[in-house]
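Counted the way the UniProt record's numbering counts, the sequence shown spans residues 1 to 102.
Built from N, CA and C at the ideal position, the CB exists for glycine as well.
This one's a predicted model, so the numbers in the text were calculated from it and none came from an experiment.
What follows is a set of notes on a single structure, which appears directly below.
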Amino acid sequence: MKQLYFVIFLCIATLGYSQDKPTTGDIEGFKLYPNPVTNGKIYINTLLNAPKKVLIFDVLGTKVMESTIIGTELNLSDIDAGIYVIRVYEKDKMVTRKLIVK
């Protein structure tokens, strides 16, 4: 009986680790500008130019904004001045950068 539980545990553990997870720093042609942000808008360009999920966190790790953009422009006028971390997902890839809003 213990062997059966052990086999079931191994199967579940294997399935958990085999899930597709985004890889870090692999978005080809990734460009984020202007940084620092002064006019309330940033532009995110990539080679694929596919829809992107964008998450912005403050320095304490609290999510400040979550958005999905189809083009390249993201409006940040609702965000206060400060230093943030921006995480961009495109397809199965992810990139993380520092973002400064003035």
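To which residues of the same chain is Phe-57 closer than 6 Å at the C-beta, ignoring the five residues directly before and after it?
Locating residue 57 in the sequence shown gives position 57, counting from the first residue. Correct list, in chain order: Lys-63 and Val-85.
In whole angstroms, what separates the C-alpha of Lys-102 from that of Asp-80?
Numbered from its first residue, the sequence shown carries residue 102 at position 102. Numbered from its first residue, the sequence shown carries residue 80 at position 80. One C-alpha to the other measures close to 8 Å.
Alpha carbons only, please: which of Asn-45, Lys-41 and Leu-99 is nearest the one belonging to Leu-29?
Locating residue 29 in the sequence shown gives position 29, counting from the first residue. In the sequence as presented, Leu is not what sits at residue 29; that position holds Gly. If we check each option's Cα against that of Gly-29, Asn-45 comes out closest.
For Asn-49, which residues of its own chain have a beta-carbon under 6 Å away from its beta-carbon, when the five flanking residues on both sides are left out?
Numbered from its first residue, the sequence shown carries residue 49 at position 49. None.
What is the DSSP secondary structure of Leu-99, reduced to helix, strand or coil?
By 1-based counting over the sequence shown, the position of residue 99 is 99. Leu-99 falls in the strand class under three-state DSSP.
Can you tell me whether DSSP reads Ser-18 as helix, strand or coil?
As a working note, residue 18 is residue 18 in the sequence shown. Confidence in Ser-18 is poor, its pLDDT being 48 and thus under 50, which makes the residue's placement too unreliable to answer from.
Boundaries (first-last residue) of the beta strand (DSSP E) holding Glu-66
Looking up residue 66 in the sequence shown gives position 66. Element bounds for Glu-66: 63-69.
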